[in-house]
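A.B. asks:
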Amino acid sequence: MTKIGDSLDEALNLLRNDEIIAIPTETVYGLAGNAYKPEVVIKIFEIKNRPTFNPLIVHTHSMESSLDFVEKWDKRLLKLAEHYSPGAITFLLPKKDIIPDLVTAGSSRVAVRIPNHSVTLKLLKNLDFPLAAPSANPFGYVSPTSSEHVFQSLNHKIPMILEGGKCSIGIESTIVGIENNELVIYRLGGISQENIEELVGKVSKIHTSSSKPETPGMLIQHYAPKKKLILTNSLPKYVELHNKDRMGIIFFGKPFNKNYPFSNLSESRCLQEAAKNLFQILREIESWEVDYVVMEWIEEKGLGRAVNDRLKRAASSIINF
Ligand code: TXA
Ligand code: MG
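Numbering (the working numbering), first residue to last: 362 to 682.
1. Just curious, the alpha helix (DSSP H) that THR481 is in, first and last residue?
2. Taking 7 Å as the cut-off, is the CB of ILE418 close to at least one heavy atom of the ligand TXA?
3. Would you say the beta carbon of VAL389 is closer than 7 Å to some non-hydrogen atom of the ligand TXA?
4. Say the cut is 7 Å; is the CB of SER423 nearer than that to a heavy atom of the ligand MG?
5. With a threshold of 16 other CB atoms inside 10 Å of the CB of PRO412, please say whether the residue is buried or exposed.
6. Since LEU639 and VAL668 are thought to touch, with beta carbons under 8 Å apart, how far apart are those beta carbons, to the nearest angstrom?
7. Does the beta-carbon of SER496, which I'm using as the reference point, lie nearer than 7 Å to any heavy atom of the ligand MG?
8. In this structure, what does DSSP give as the bridge partners for ARG548?
9. Do the CB positions of PHE414 and ALA466 come within less than 8 Å of each other?
10. Give the straight-line distance between the Cα atoms of PRO577 and LYS588, rounded to the nearest whole angstrom.
11. Using a C-beta cutoff of 8 Å, does GLN554 count as contacting chain C?
12. Can you tell me which of the three DSSP states LYS364 falls into?
13. For PHE613, tell me which candidate among ALA494, LYS637, PHE682 has the shortest Cα-Cα distance.
14. If contact is defined by three or more beta carbon pairs under 8 Å, each pair taking one atom from either stretch, is the region 617-629 in contact with the region 644-653?
15. Let me confirm a value: ARG377 is counted as buried when at least 16 other C-beta atoms fall within 10 Å, else exposed. Which label applies?
16. Using CA coordinates, which residue listed in ILE546, ASN410, SER507 is at the minimum distance from ALA472?
17. For the beta strand (DSSP E) containing THR465, name the first residue and the last one.
18. With DSSP run on the structure shown, which of helix, strand or coil describes PRO455?
19. Taking just the CA atoms, how far does PRO586 sit from LYS436?
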């Protein structure tokens with residue numbers, strides 16, 4: 362059975378012995394192993410059932426330590442990193458040879474992140490190698506934001522889940538890089554587009570949501586819960602029209618109808634709270650005795666953009682009213 366524990370020594374021991382363990386971060390839990398060893402990294406792909414064309418993020422504890430495996434920081438990315446790292450942002454940078462091709466799926470760029478979680482920062486500081494870690498969910502399923510979530514799908518597959526509490530941001534990191542000398546956002550996430558633009562000006566290239574992804578992993582159906590999820594532009598109208606259906610509702614704001622099973626992203630319509638609750642709720646709805654669950658898009662600003670992006674991927678249908 363997989364152990365859930367908070368012993369840093371035990372976690373360090375396992376990682377130094379080439380084991381894969383789950384680690385907490387402020388975004389989602391990660392499935393971590395020595396990023397320098399392909400024979401360790403391959404185990405991550407196997408446990409997650411993830412195709413090897415989908416590269417992994419490499420986690421380290423400081424800008425300085427990133428230079429062990431990054432060739433060079435672009436100026437704009439450096440500025441973002443100085444502001445937002447440790448934090449929910451990942452940078453695509455030219456890699457040194459020490460990073461195996463398996464980690465980057467053959468790309469010359471490695472994804473680098475300094476997570477803002479005290480337990481995992483401590484762990485990283487005590488290791489002499491960085492950690493390759495994708496989200497600790499089976500491929501194609503909802504990301505885990507607590508140790509129990511990891512346990513539910515990976516019990517028996519890994520020796521340990523390092524306990525770090527509920528993830529404070531709850532949505533994966535924003536991925537940025539440079540292409541043709543232009544800053545590109547490859548995934549909307551925990552650091553908002555607005556936060557990025559404050560520092561580096563307008564970002565016109567946002568390469569997310571694609572069925573033929575440039576950054577693999579941005580597959581359209583990627584966060585799918587096992588329950589049918591319908592997205593609508595007007596929840597009150599939808600519920601009125603389909604009031605005989607066996608449905609459940611996810612609200613964002615005060616519930617206007619309590620006749621169906623429901624949950625709430627945020628009663629006070631707080632975008633941060635919505636991001637933090639999203640994946641937990643997408644798991645919760647699976648046990649509801651309903652035919653499907655319906656919800657409305659949230660505001661397309663700040664973390665709302667990242668939430669809507671995940672909803673688009675989780676939805677089985679999108680209704681245009
Ligand atoms: O918040 C996060 O980023 C979490 C925590 C654990 O750090 N990690 C995470 O990893 O979400 P994952 O593997 O679920 O998503 C990483 C994304 C994938 O879409 C992958 O394709 C992209 O990052 N990626 C990783 N390395 C890349 C590379 N070298 N070039 C382009 N995209 C890359
Ligand atoms: Mg993932």
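Idealized CB from N, CA, C, for every residue including glycine.
C.D. replies: This is what the structure holds:
1. The residue given as residue 481 occupies position 120 in the sequence shown. From DSSP, the alpha helix (DSSP H) with THR481 extends over 479-486.
2. Taking the first residue of the sequence shown as 1, we reach residue 418 at position 57. Yes, the ligand TXA has a heavy atom inside 7 Å of this Cβ.
3. Walking along the sequence shown from the start, residue 389 turns up at place 28. Yes, since a heavy atom of the ligand TXA falls inside the 7 Å radius drawn around the Cβ of VAL389.
4. Within the sequence shown, numbered from 1, the residue matching residue 423 stands at position 62. No, since every heavy atom of the ligand MG falls outside the 7 Å radius drawn around the Cβ of SER423.
5. As a working note, residue 412 is residue 51 in the sequence shown. Exposed.
6. Residue mapping note: residue 639 aligns to position 278 of the sequence shown, counting from 1. Residue mapping note: residue 668 aligns to position 307 of the sequence shown, counting from 1. Right, the Cβ-Cβ distance comes to about 6 Å (below 8 Å), so this counts as a contact.
7. Taking the first residue of the sequence shown as position 1, residue 496 is located at position 135. It does: the Cβ of SER496 is within 7 Å (strictly closer) of some heavy atom of the ligand MG.
8. Indexing the sequence shown from 1 puts residue 548 at position 187. Its beta-bridge partners are ILE536.
9. The sequence position of residue 414 within the sequence shown is 53, counting from 1. The sequence position of residue 466 within the sequence shown is 105, counting from 1. It is a contact, given that the beta carbons lie within the stated cut-off.
10. On the sequence shown, residue 577 is found 216 positions in, with the first residue counted as 1. On the sequence shown, residue 588 is found 227 positions in, with the first residue counted as 1. Because the pLDDT at PRO577 is just 45, under 50, the model does not fix this residue reliably, and the value given afterwards should be weighed accordingly. Distance between PRO577 and LYS588, taken at the CA atoms: about 25 Å.
11. Although the question refers to chain C, the structure presented lacks it and comprises just one protein chain.
12. Taking the first residue of the sequence shown as 1, we reach residue 364 at position 3. Three-state DSSP puts LYS364 in a strand.
13. As a first step, residue 613 is located in the sequence shown; it is residue number 252 there, counting from the start. Nearest of ALA494, LYS637, PHE682 to PHE613, Cα basis: LYS637.
14. yes
15. Within the sequence shown, the letter at position 16 stands for residue 377. By the neighbour-count rule (16 or more Cβ atoms within 10 Å), ARG377 is not buried but exposed.
16. Along the sequence shown, read from residue 1 onward, the residue named residue 472 stands at position 111. Ranking ILE546, ASN410, SER507 by Cα distance to ALA472 puts ILE546 first.
17. As a first step, residue 465 must be located in the sequence shown, where it is residue number 104. Run containing THR465: none in the beta strand (DSSP E); it sits in the alpha helix (DSSP H), 462-465.
18. To locate residue 455, count along the sequence shown from 1; it is residue 94. In the structure shown, PRO455 falls within a strand segment according to DSSP collapsed to helix, strand and coil.
19. For the purposes of this step, residue 436 is taken as the residue at position 75 of the sequence shown. For the purposes of this step, residue 586 is taken as the residue at position 225 of the sequence shown. Cα to Cα, LYS436 sits roughly 39 Å from PRO586.
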